[in-house]
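Novice: Those protein sequence lines, which keep their order, are chains L and Z.
Using the working numbering, read the first sequence as starting at 1374 and increasing by one per residue.
Using the working numbering, read the second sequence as starting at 31 and increasing by one per residue.
Even glycine gets a Cβ: it sits at the ideal position worked out from N, Cα and C.
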Amino acid sequence: MVDESSLTEKSRIMDGARIKRAISRLASEIVEENHGAKDLYIVGIRRRGVPLAERIAEKIDSLEGVRPLYGIIDITLYRDDLSTVGANPIVNRTELTEDIEGKVIVLVDDVLYTGRTIRAAMDQLMDFGRPRKIQLAVLIDRGREHREVPIQADFVGKVVPTKQTEIIRVMLKEFDDTEGVGIFEKPAE
Amino acid sequence: MDKPFRRRDLLGIRGLTAAEIKGILDTAESFLEINTREIKKVPTLRGKTVVNLFFENSTRTRTSFELAAKRLSADAVNISVSSSSLAKGETLVDTALNLDAMQPDCIVVRHGSAGVPHQLAKVSQAAVINAGDGANEHPTQALLDAMTIREHKKKIKGLEVAIVGDILHSRVARSNIHLLTKLGAKVKVAGPGTLVPKDFVHLIDAAEIDHGSKAEGQRPLAVCEHVEDAIRGADVVMILRIQRERQDSAYFPTLREYAIHYGLTNERLDLAKKDAIVLHPGPMNRGIEIASEVADSSRSLILDQVKYGVTVRMAVLYLATGGGVTNS
């Protein structure tokens, strides 16, 4: 892991208000695409996908008057790089209390980069049952050229073309002091 | 965030810090949910090999480790003494080296002599987990006991825990005393005088927990003369198994007498706090160290202990073999 305190912010690409508007749009697109909130199951990927999923579910509730099902998954146990990440990553609980069988799952994460996290999340979902459909919503898409597996998002807050040396941080009040999205530069090795 | 447990081997509770213990328990809590799934398996340790090397019989602990390994997708092999070359005269080190040549990732070992897992850890490339060594330690039992207490009491710090029975020969008692005092509980032990040595209060490192300077009543570990004194006011009553073979060694006259003087009955349990819980590492002797009415009551969490045993062992296997952890 990169020591986050050593990062310097190059530019702030979204503030709290823009995140809020992006979430509203994502919520509308999700219900439009799925003709309503029926059978929708919004699933946040730990950590920062969780508050985003919660906000999307709330927004869908206010749009449609129906609160979609909501869950959390932790992909640690499904990672493909366990032997290379150094020390054991912290495992957190997966919370899928409602049956996913036949549901339309909308996976929510903050940033789509290599696609490996989403691969792990889908593997885990399959162990819980057979959803009718799985869709992907992300706040930031760093662009196709970074993808290491054939995965694309169905709903995107903002596409931000980036270099590999850059890091995108989504800051949410649940975890950080501020709300916003910033591009940070990795310190030179 | 720091991962508190970074060791490769789990040889005992004694050498662990409170943060490491909490780290294992937190990880185990996250694993709980997996055991309620329809497909009780995650791919985490796919391709890893876990060897259960048991020199003493223990269906429960071995099965628990085997299930834990399998639910993490590791391959588990069981070796028990009756079917192994140890019965044919091979030395422990040779057995270890032979096993090592097959490149297992983790060896879970139980042995009747203290220190065997530590010896094994010195010669083996694999992570070694102590599943009970003589009268020394049984760390995963203490961890699952702690998890059971934590799930029901929501904390360990400040609790009073009575441990009753054959303290002298019990690795379960030793591991529990280390763990509970490290996490801030107060432990009182009691049992027949022949099986509860007075100087047991020195078991916990003086440097670590400064019990010498504290007044009698505030020490984290107390040896009680009467079972009633240990149980009175306790939040947790932990009953140890009486090994029937000890009866022949004159530690106590008869099993019947043991039951009368030291067995946990409803009357004795009434001395504990109203919401006190009862633990027993199993297998229990009904009517001897624990009365059936207590064992079958809602205060007894013996089956919860077994349930949490699998999750705790999953956590330990994950932490010992999951990532590229450095040996410390």
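Please report the straight-line C-alpha distance between Arg-286 (chain Z) and Asn-166 (chain Z), rounded to a whole angstrom.
Specialist: Locating residue 286 (chain Z) in the second sequence gives position 256, where the first residue counts as 1. Locating residue 166 (chain Z) in the second sequence gives position 136, where the first residue counts as 1. The alpha-carbon atoms of Arg-286 (chain Z) and Asn-166 (chain Z) are separated by roughly 28 angstroms.
Novice: State yes or no: is the beta carbon of Thr-57 (chain Z) nearer than 7 angstroms to at least one beta carbon in chain L?
Specialist: Within the second sequence, numbered from 1, the residue matching residue 57 (chain Z) stands at position 27. Chain L, which has a Cβ nearer than 7 angstroms to the Cβ of Thr-57 (chain Z), makes this yes.
Novice: For a test of the three-state rule: what should DSSP assign to Lys-1393 (chain L), helix, strand or coil?
Specialist: Along the first sequence, one-based indexing puts residue 1393 (chain L) at 20. The answer is helix: DSSP assigns Lys-1393 (chain L) an H, G or I state.
Novice: Where does the unbroken alpha helix (DSSP H) through Glu-1431 (chain L) begin, and where does it stop?
Specialist: Here residue 1431 (chain L) refers to the residue found at position 58 when the first sequence is read from its first residue. First-last of the alpha helix (DSSP H) with Glu-1431 (chain L): 1422-1437.
Novice: If you measure from the beta carbon of Glu-63 (chain Z) to each beta carbon in chain L, is any gap under 7 angstroms?
Specialist: By 1-based counting over the second sequence, the position of residue 63 (chain Z) is 33. True, the Cβ-Cβ gap to chain L drops below 7 angstroms.
Novice: Quick check on Arg-1466 (chain L) - is its C-beta less than 7 angstroms from some C-beta in chain Z?
Specialist: Here the question's residue 1466 (chain L) lines up with position 93 in the first sequence. Closer than 7 angstroms to some Cβ of chain Z, the Cβ of Arg-1466 (chain L) qualifies, so yes.
Novice: Give the DSSP bridge partners of Thr-370 (chain Z), in chain order.
Specialist: Any question about residue 370 (chain Z) goes unanswered here, given that chain Z covers just 31 to 358.
Novice: Are the C-beta of Thr-74 (chain Z) and some C-beta of chain L separated by less than 7 angstroms?
Specialist: Counting from 1 along the second sequence, the entry for residue 74 (chain Z) is found at position 44. So, interface residue.
Novice: Please confirm whether Ile-69 (chain Z) has its beta-carbon closer than 7 angstroms to some beta-carbon of chain L.
Specialist: In the second sequence, the residue the question calls residue 69 (chain Z) occupies position 39. So yes, Ile-69 (chain Z) belongs to the interface.
Novice: Using DSSP with H/G/I as helix, E/B as strand and the rest coil, what is Gln-171 (chain Z)?
Specialist: Against the second sequence, residue 171 (chain Z) aligns to sequence position 141. Looking at Gln-171 (chain Z) - three-state DSSP - the assignment turns out to be helix.
Novice: Just curious, the alpha helix (DSSP H) that His-141 (chain Z) is in, first and last residue?
Specialist: Here residue 141 (chain Z) is taken as the residue at index 111 of the second sequence, counted from 1. His-141 (chain Z) -> not in any alpha helix (DSSP H); beta strand (DSSP E) instead, spanning 136-141.
Novice: Is any beta-carbon of chain L found at less than 7 angstroms from that of Ser-103 (chain Z)?
Specialist: Locating residue 103 (chain Z) in the second sequence gives position 73, where the first residue counts as 1. For Ser-103 (chain Z), the answer is no, since every Cβ of chain L falls outside 7 angstroms of its Cβ.
Novice: Look at the Cβ atom of Lys-218 (chain Z), then the Cβ atom of Ala-260 (chain Z), and state whether they are nearer than 7 angstroms.
Specialist: Here residue 218 (chain Z) refers to the residue found at position 188 of the second sequence. Here residue 260 (chain Z) refers to the residue found at position 230 of the second sequence. Contact flag set, yes.
Novice: Name the chain Z residues that come within less than 7 angstroms of Leu-1450 (chain L), Cβ to Cβ?
Specialist: Walking along the first sequence from the start, residue 1450 (chain L) turns up at place 77. The answer, in chain order, is Val-72, Thr-74.
Novice: Any beta-carbon of chain Z closer than 7 angstroms to the one on Asp-1500 (chain L)?
Specialist: Working through the first sequence from its first residue, we reach residue 1500 (chain L) at position 127. So, interface residue.
Novice: Only counting runs of 3 or more residues, tell me where the beta strand (DSSP E) segments fall wholly within the region 167-235 of chain Z, in order along the chain.
Specialist: Counting only runs of 3 or more, we get 190-194, 216-220.
Novice: Classify Thr-121 (chain Z) as helix, strand or coil using the three-state DSSP reduction.
Specialist: Translated into the one-based positions of the second sequence, residue 121 (chain Z) becomes position 91. Coil, per DSSP.
Novice: Three or more beta-carbon pairs under 8 angstroms between the region 43-53 of chain Z and the region 1398-1407 of chain L, yes or no?
Specialist: Flag = no, the region 43-53 of chain Z and the region 1398-1407 of chain L do not touch.
Novice: Going by DSSP, name the residue or residues bridged to Asp-1482 (chain L).
Specialist: For the purposes of this step, residue 1482 (chain L) is taken as residue 109 along the first sequence, with counting starting at 1. The partner list for Asp-1482 (chain L) (beta bridge, DSSP) reads L:Val-1511.
Novice: Which residues bound the beta strand (DSSP E) around Met-1544 (chain L)?
Specialist: Stepping through the first sequence from its first residue, residue 1544 (chain L) is reached at position 171. Counting along the chain, the beta strand (DSSP E) containing Met-1544 (chain L) begins and ends at 1539-1544.
Novice: Compute the beta-carbon to beta-carbon distance between Gly-1469 (chain L) and Leu-1509 (chain L), rounded to the nearest angstrom, for a pair I have assumed lies under 8 angstroms.
Specialist: Taking the first sequence and counting its residues from 1, the one referred to as residue 1469 (chain L) is at position 96. Taking the first sequence and counting its residues from 1, the one referred to as residue 1509 (chain L) is at position 136. Residue 1469 (chain L) is actually Leu in this sequence, not Gly. Between Leu-1509 (chain L) and Leu-1469 (chain L) the Cβ distance is about 17 angstroms, and since that is not below 8 angstroms, they are no contact.
Novice: What would DSSP say about Gly-1502 (chain L), mapped onto helix, strand or coil?
Specialist: Here residue 1502 (chain L) refers to the residue found at position 129 when the first sequence is read from its first residue. If DSSP states are grouped into helix, strand and coil, Gly-1502 (chain L) belongs with coil.
Novice: Between the C-alpha atoms of Ile-1540 (chain L) and Phe-1557 (chain L), what's the straight-line distance to the nearest angstrom?
Specialist: One-based indexing of the first sequence puts residue 1540 (chain L) at position 167. One-based indexing of the first sequence puts residue 1557 (chain L) at position 184. Distance between the alpha carbons of Ile-1540 (chain L) and Phe-1557 (chain L): 5 angstroms.
Novice: Just curious, the beta strand (DSSP E) that Ala-161 (chain Z) is in, first and last residue?
Specialist: Taking the first residue of the second sequence as position 1, residue 161 (chain Z) is located at position 131. Here the beta strand (DSSP E) through Ala-161 (chain Z) covers 157-163.
Novice: Enumerate in chain order the residues of its own chain whose CB-to-CB distance from Ser-200 (chain Z) is below 6 angstroms, with the five nearest sequence positions on each side excluded.
Specialist: The sequence position of residue 200 (chain Z) within the second sequence is 170, counting from 1. Excluding sequence neighbours, Ser-200 (chain Z) sits near Leu-270.
Novice: Pairs of beta-carbons, one from the region 307-317 of chain Z and one from the region 174-188 of chain Z, closer than 8 angstroms: are there three or more?
Specialist: Yes, the region 307-317 of chain Z is in contact with the region 174-188 of chain Z.
Novice: Taking DSSP as the reference, what is the three-state secondary structure of Met-314 (chain Z)?
Specialist: The count along the second sequence starts at 1 and reaches residue 314 (chain Z) at position 284. Coil, per DSSP.
Novice: Note down, in chain order, every chain L residue with its Cβ under 7 angstroms from the Cβ of Ser-110 (chain Z).
Specialist: Here residue 110 (chain Z) is taken as the residue at index 80 of the second sequence, counted from 1. Those do not exist, as Ser-110 (chain Z) stays about 30 angstroms from chain L at its closest Cβ, beyond 7 angstroms.
Novice: Looking at Lys-1381 (chain L): is its Cβ nearer than 7 angstroms to the Cβ of Ile-1448 (chain L)?
Specialist: Residue mapping note: residue 1381 (chain L) aligns to position 8 of the first sequence, counting from 1. Residue mapping note: residue 1448 (chain L) aligns to position 75 of the first sequence, counting from 1. The sequence as given places Thr at residue 1381 (chain L); Lys does not occur at that position. Taking 7 angstroms as the Cβ cut-off, Thr-1381 (chain L) and Ile-1448 (chain L) do not qualify as a contacting pair.
Novice: Taking all protein chains shown into account, do 16 or more other C-beta atoms lie within 10 angstroms of the C-beta of Gly-242 (chain Z), making it buried, or fewer, making it exposed?
Specialist: Residue numbering aside, residue 242 (chain Z) sits at position 212 when the second sequence is read from its first letter. Bear in mind that a pLDDT of 45 at Gly-242 (chain Z), under 50, signals an unreliable position, so the model cannot answer this.
Novice: Cβ atoms of Pro-1424 (chain L) and Leu-1545 (chain L): under 7 angstroms apart, would you say?
Specialist: Along the first sequence, one-based indexing puts residue 1545 (chain L) at 172. Along the first sequence, one-based indexing puts residue 1424 (chain L) at 51. Yes, the Cβ-Cβ distance between Leu-1545 (chain L) and Pro-1424 (chain L) is below 7 angstroms.
Novice: Can you give me the Cβ contacts of Arg-1385 (chain L) inside the same chain, cut-off strictly under 6 angstroms, excluding the 5 residues immediately before and after it?
Specialist: For the purposes of this step, residue 1385 (chain L) is taken as residue 12 along the first sequence, with counting starting at 1. Once the five neighbours on either side are set aside, the close Cβ partners of Arg-1385 (chain L) are Gly-1553, Gly-1555.
Novice: Hey, how far is the Cα of Ala-237 (chain Z) from the Cα of Val-1533 (chain L)?
Specialist: Locating residue 237 (chain Z) in the second sequence gives position 207, counting from the first residue. Locating residue 1533 (chain L) in the first sequence gives position 160, counting from the first residue. Below a pLDDT of 50, predicted positions are generally treated as unreliable, and Ala-237 (chain Z), at 43, falls in that range; the measurement from the model is reported next regardless. Between Ala-237 (chain Z) and Val-1533 (chain L), the C-alpha separation is close to 56 angstroms.
Novice: For Ile-1445 (chain L), which residues of its own chain have a beta-carbon under 6 angstroms away from its beta-carbon, when the five flanking residues on both sides are left out?
Specialist: Indexing the first sequence from 1 puts residue 1445 (chain L) at position 72. So the qualifying residues of the chain are Gly-1417, Val-1423, Glu-1468.
Novice: Which residue or residues does DSSP assign as beta-bridge partners of Met-1387 (chain L)?
Specialist: Taking the first sequence and counting its residues from 1, the one referred to as residue 1387 (chain L) is at position 14. L:Val-1554.
Novice: Taking the continuous alpha helix (DSSP H) assigned at Phe-61 (chain Z), which residues delimit it?
Specialist: By one-based count along the second sequence, residue 61 (chain Z) stands at place 31. From DSSP, the alpha helix (DSSP H) with Phe-61 (chain Z) extends over 48-61.
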